[in-house]
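Protein chains in written order, with my numbering: chain D, 515 to 818; chain Y, 3 to 214; chain C, 3 to 214.
C-beta: ideal position from N, C-alpha, C; glycine also.
Treat the numbers as computed from the prediction; the structure is a model and nothing was measured.
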Amino acid sequence: MATRPEGATAAPDEVEQARSVSSPFEVHLENFTGPFDLLLGLISKHKLDITEVALAQVTDEFIAAVRAAEAGDEPWELNRISEFLVVAATLLDLKAARLLPAGAVEDAEDLEMLEARDLLFARLLQYRAYKDVAQGLGQRLEAQARSLPREVGLEPDLAALLPELVMEIGPAELAVLAAHALQPRVAPTVDTGHLHAPAVSVREQAAVLVDRLRRAGSGSFRTLVQDAESSLVVVVRFLALLELYREGVVGFDQVSPLGDLTVRWTGGQEDEIDVVDDYGDLPVEAVPAGGGLPSTDRPEEGGA
Amino acid sequence: MSTTTTPASPDPRPGPAPEELAFDVSELPGGARGALEAVLMVADEPLPALRLATVLGLPTAQVEDHLAELAAEYREQGRGFDLRHAGAGWRFYSAPAHADVVGRFVLDRQTARLTQAALETLAVIAYRQPVTRGQVSAVRGVNVDSVVRTLAARGLVVELGTEPSGAVLYGTSPYFLERMGMTSLDDLPPLAPYLPEIDTMSGVDGEPEATP
Amino acid sequence: MSTTTTPASPDPRPGPAPEELAFDVSELPGGARGALEAVLMVADEPLPALRLATVLGLPTAQVEDHLAELAAEYREQGRGFDLRHAGAGWRFYSAPAHADVVGRFVLDRQTARLTQAALETLAVIAYRQPVTRGQVSAVRGVNVDSVVRTLAARGLVVELGTEPSGAVLYGTSPYFLERMGMTSLDDLPPLAPYLPEIDTMSGVDGEPEATP
Numbered sequence: 515m516a517t518r519p520e521g522a523t524a525a526p527d528e529v530e531q532a533r534s535v536s537s538p539f540e541v542h543l544e545n546f547t548g549p550f551d552l553l554l555g556l557i558s559k560h561k562l563d564i565t566e567v568a569l570a571q572v573t574d575e576f577i578a579a580v581r582a583a584e585a586g587d588e589p590w591e592l593n594r595i596s597e598f599l600v601v602a603a604t605l606l607d608l609k610a611a612r613l614l615p616a617g618a619v620e621d622a623e624d625l626e627m628l629e630a631r632d633l634l635f636a637r638l639l640q641y642r643a644y645k646d647v648a649q650g651l652g653q654r655l656e657a658q659a660r661s662l663p664r665e666v667g668l669e670p671d672l673a674a675l676l677p678e679l680v681m682e683i684g685p686a687e688l689a690v691l692a693a694h695a696l697q698p699r700v701a702p703t704v705d706t707g708h709l710h711a712p713a714v715s716v717r718e719q720a721a722v723l724v725d726r727l728r729r730a731g732s733g734s735f736r737t738l739v740q741d742a743e744s745s746l747v748v749v750v751r752f753l754a755l756l757e758l759y760r761e762g763v764v765g766f767d768q769v770s771p772l773g774d775l776t777v778r779w780t781g782g783q784e785d786e787i788d789v790v791d792d793y794g795d796l797p798v799e800a801v802p803a804g805g806g807l808p809s810t811d812r813p814e815e816g817g818a
Numbered sequence: 003m004s005t006t007t008t009p010a011s012p013d014p015r016p017g018p019a020p021e022e023l024a025f026d027v028s029e030l031p032g033g034a035r036g037a038l039e040a041v042l043m044v045a046d047e048p049l050p051a052l053r054l055a056t057v058l059g060l061p062t063a064q065v066e067d068h069l070a071e072l073a074a075e076y077r078e079q080g081r082g083f084d085l086r087h088a089g090a091g092w093r094f095y096s097a098p099a100h101a102d103v104v105g106r107f108v109l110d111r112q113t114a115r116l117t118q119a120a121l122e123t124l125a126v127i128a129y130r131q132p133v134t135r136g137q138v139s140a141v142r143g144v145n146v147d148s149v150v151r152t153l154a155a156r157g158l159v160v161e162l163g164t165e166p167s168g169a170v171l172y173g174t175s176p177y178f179l180e181r182m183g184m185t186s187l188d189d190l191p192p193l194a195p196y197l198p199e200i201d202t203m204s205g206v207d208g209e210p211e212a213t214p
Numbered sequence: 003m004s005t006t007t008t009p010a011s012p013d014p015r016p017g018p019a020p021e022e023l024a025f026d027v028s029e030l031p032g033g034a035r036g037a038l039e040a041v042l043m044v045a046d047e048p049l050p051a052l053r054l055a056t057v058l059g060l061p062t063a064q065v066e067d068h069l070a071e072l073a074a075e076y077r078e079q080g081r082g083f084d085l086r087h088a089g090a091g092w093r094f095y096s097a098p099a100h101a102d103v104v105g106r107f108v109l110d111r112q113t114a115r116l117t118q119a120a121l122e123t124l125a126v127i128a129y130r131q132p133v134t135r136g137q138v139s140a141v142r143g144v145n146v147d148s149v150v151r152t153l154a155a156r157g158l159v160v161e162l163g164t165e166p167s168g169a170v171l172y173g174t175s176p177y178f179l180e181r182m183g184m185t186s187l188d189d190l191p192p193l194a195p196y197l198p199e200i201d202t203m204s205g206v207d208g209e210p211e212a213t214p
């Protein structure tokens, strides 16, 4: 990787320029020095390989910048910090996806993996795009607010023209309406069915594996996940196997790197095997498109 | 007339010792008269010349002259609106000559019945008065400005005063009591039977955050 | 100016009016344009040209011409108000040149600035509507429930319906367009300059789905 990609010193294009306005946060890496926003721009233009970026260093510098700001007069707003977290999390996802062994694109699974990477990438760009247009929107609203609309009540003479009001409700109905309106809103329940694949629990999948391995004695990982309806199930079964290994009831054999993984049952035939779910009692949930933060844990944003 | 950009106010000297003004009306397009038109256009109630003079930083007499000239100009030009001094002050009205068209417009969409949104807003105002439109909006989750104006035009809701922030406080009128067959607000049925958690409510009474 | 200044004729003979009208706008002082001014002066919301045409008994195209001419005339004369086409229709506004004077006078208006979080949420809703809160959250990476609720209370965002799953779909309101000084969502600047690949990103702009 070159020490400093071309474009970093040259005039950044308009997208990068628009981004660099709001964030003076600078990073100093081996292969890049400059505003964080410019770094993003370069990654998005494929001028810098995400796998070459030392994210840990970026994070250290970010924390240092936040601390310095806190010590100074103008601590960073929560908004800005959470924005960095979103971007950093996405970068991390992206990097993880890129670092996974890929090989040639041969089957549908590989294709899916590639698409997932593009999605991560696209999600990051998309977030930046909305952030940019939001700025223009705010400017426009402010400029327009220099004119106020005429919003006046009806002149009494004209109000007198209105047909006599028919009052269809009495005090009791009024109370019902008021009670309905004043009722504390149930914490708005967002339907997240469209964001989450059905929950898959490590414990359940472990039970499935125990059952199969007891009967078969051994099997390749490939066959053990053959019936998995989603890649989430594959992941959870793998986690379950690790748990079973810790319990000392399975063994692994792998002849060559990235070759078939054979799983052997080494436990008894009768013992009760109950995998303790290290991932909390919560079932593991699918990650929303783009693989960002688990949406259930999203910080509530202040209404103000 | 009124084709030039600075028609009036040859005397830019401020009159009634105004506080620091960020502007000089004589330098604005349309001068003092433009400024008067701007303020009157968005004013919700008749404005006394004195108040206008304070806002503009001009002597009251001068403001009165401008107002009279504007009123005459609108008449001459056969405008559909006029500027009249009625009651407490000056206000834009639709011209009497157009009463038929205006009447047709006013009746165009009106029904004798209140909409569900209007009834619900009325209920919230009745139980939460005095209350600002912003507070009612926060409770109902929608903007209620237009609905409150309708209720005010119908005489069911009246302005009770203003908050220190300048926000108008609304409450129900004697006409509301009359139409509901009540003699006082004490006759409003208690909400408790309909709303067991009423005591635990927080944030409903409070002023909503000013800005989202 | 208008076509004629003939005083109101006692002759109630309807002219070219399509329906039974008690008036003929062309015979009123100020003609059709005076009538438009009169109606706009009492309106408390933007009025579509079509609605004005119905009230006046005139073809919509003609009404639109009159409105555009009136707006131009106010500008030329350096009036303190102007007539604008924004949101759902036409409405009187105070002129921007007088914002400082008007601001001194009007305190109780929803001109409070939106926070960055609110602006970003509004932007996502504006460009992606109809959209659920969950989808907005997915883009912004934070829970947006309370921000969306505040935007709704401000009248900028409205519920458009529900998805089969029951999730509420949100979009921007006509009031949002009005506040932006736009007449249609097509007036929003394209996202494209910021995000050239947006169209080709299926699965990103559309329904998010679980990924490995």
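Query                                                                                                                                                                          : Result
Could you check if Ile564(D) belongs to the surroundings of the ligand NAP, using beta carbon to heavy atom distance under 7 Å?                                                : Of ligands this structure carries none, so the ligand NAP is not represented either.
Against chain C, does Leu651(D) count as a neighbour if the rule is that its beta carbon must be under 8 Å from one of theirs?                                                 : yes
Return helix, strand or coil for Glu575(D), following the three-state DSSP convention.                                                                                         : helix
So with Cβ pairs under 8 Å, would you call Glu122(C) a contact of chain Y?                                                                                                     : no
Can you check whether the C-beta of Ala648(D) is within less than 8 Å of a C-beta belonging to chain C?                                                                        : yes
What are the start and end residues of each continuous alpha helix (DSSP H) run of 4 or more residues lying completely inside the segment 49 to 97 of chain C, in chain order? : 51 to 58, 62 to 78
Where DSSP assigns a beta bridge to Gly183(Y), which residues make up the other side?                                                                                          : None; Gly183(Y) has no bridge partner.
So, is Gly617(D) buried or exposed, given that buried needs 16 or more other C-beta atoms within 10 angstroms?                                                                 : The pLDDT assigned to Gly617(D) is 47, lower than 50, so where the model puts this residue is not dependable, and the model offers no usable value.
Which residues in chain D have a C-beta closer than 8 Å to the C-beta of Ala128(Y)? List them in chain order.                                                                  : Leu688, Ala692
So Arg151(Y) contacts chain D; which residues on that side make the cut at Cβ distance below 9 Å?                                                                              : Glu665, Val666, Gly667, Leu668
Is the Cβ of Glu656(D) closer than 8 Å to any Cβ of chain C?                                                                                                                   : yes
One question on the structure: do Thr123(Y) and Val146(Y) come within less than 8 Å of each other, judged by their Cβ atoms?                                                   : yes
Just confirm the distance between the C-beta atoms of Met182(Y) and Leu696(D), as a whole number of angstroms; I'd bet it's less than 8 Å.                                     : Actually they do not touch by this definition, with Cβ atoms about 18 Å apart.
Please report the distance separating the alpha-carbon of Gly91(Y) from that of Pro663(D).                                                                                     : 21 Å
Taking CB distances under 8 Å as the criterion, tell me whether Leu85(Y) reaches chain D.                                                                                      : no
For Val601(D), which residues in chain Y fall below 9 Å Cβ to Cβ?                                                                                                              : Ordered by position in chain Y, no residue passes the 9 Å Cβ test against Val601(D), which lies about 23 Å from the chain.
State the DSSP-derived secondary structure class of Thr152(C), mapped to helix, strand or coil.                                                                                : helix
Are any of the Cβ atoms in chain B nearer than 8 Å to that of Gly143(C)?                                                                                                       : The displayed structure is made up of protein chains D, Y and C, and chain B is not among them.
Residue ranges of each beta strand (DSSP E) run of no fewer than 3 residues wholly in the segment 659 to 734 of chain D, ordered along the chain?                              : 732 to 734
List, in order along the chain, the chain D residues whose C-beta lies closer than 8 Å to that of Thr183(Y)?                                                                   : Residue identity differs from the one stated: residue 183(Y) is Gly in this sequence, not Thr. Those are Gly684, Pro685, listed as they occur along chain D.
For the beta strand (DSSP E) that Asp767(D) lies in, which residues bound it at each end?                                                                                      : 764 to 768
Taking 6 Å as the limit between beta carbons, can you name the residues of its chain near Ala55(Y), skipping five residues before and five after?                              : Thr62, Val65
Along chain D, in chain order, which residues have C-beta atoms closer than 9 Å to that of Asp189(Y)?                                                                          : Pro685
Identify each residue in the segment 87 to 112 of chain Y for which the Cβ-Cβ distance to at least one residue of chain D is less than 7 Å, and report them in chain order.    : Tyr95, Val104, Gly105, Val108, Leu109, Gln112
Please state if the CB of Val126(C) and the CB of Val138(C) are separated by a distance shorter than 8 Å.                                                                      : yes
For Ser96(Y), which of Leu672(D), Ala603(D), His542(D) has the nearest alpha-carbon?                                                                                           : Leu672(D)
Please determine, among Pro98(Y), Ala51(Y), Ala155(Y), Tyr196(Y), the residue with the shortest C-alpha to C-alpha distance to Tyr177(Y).                                      : Ala155(Y)
Please report how far the alpha carbon of Ser186(Y) lies from the alpha carbon of Pro192(Y), in whole angstroms.                                                               : 13 Å
Measuring straight from C-alpha to C-alpha, what distance separates Leu69(C) and Glu39(C)?                                                                                     : 9 Å
Anything in the segment 41 to 52 of chain C with a Cβ closer than 9 Å to a Cβ of chain D? List those residues in chain order, please.                                          : Leu42, Met43, Val44, Ala45, Asp46, Glu47, Pro48
Using 8 Å as the threshold, is the C-beta distance between Ala169(C) and Val149(C) below it?                                                                                   : no
To the nearest angstrom, how far is it from the Cα of Phe94(Y) to the Cα of Gly82(Y)?                                                                                          : 10 Å
Less than 6 Å between C-beta atoms, sequence neighbours within five positions excluded: which residues of the same chain meet that for Val580(D)?                              : Trp590
On the DSSP bridge list, what partners appear for Arg778(D)?                                                                                                                   : Ser732(D), Gly765(D)
If you follow the alpha helix (DSSP H) that Gly548(D) is part of, which residue opens it and which one closes it?                                                              : Segment 547 to 549 is the beta strand (DSSP E) holding Gly548(D); no alpha helix (DSSP H) there.
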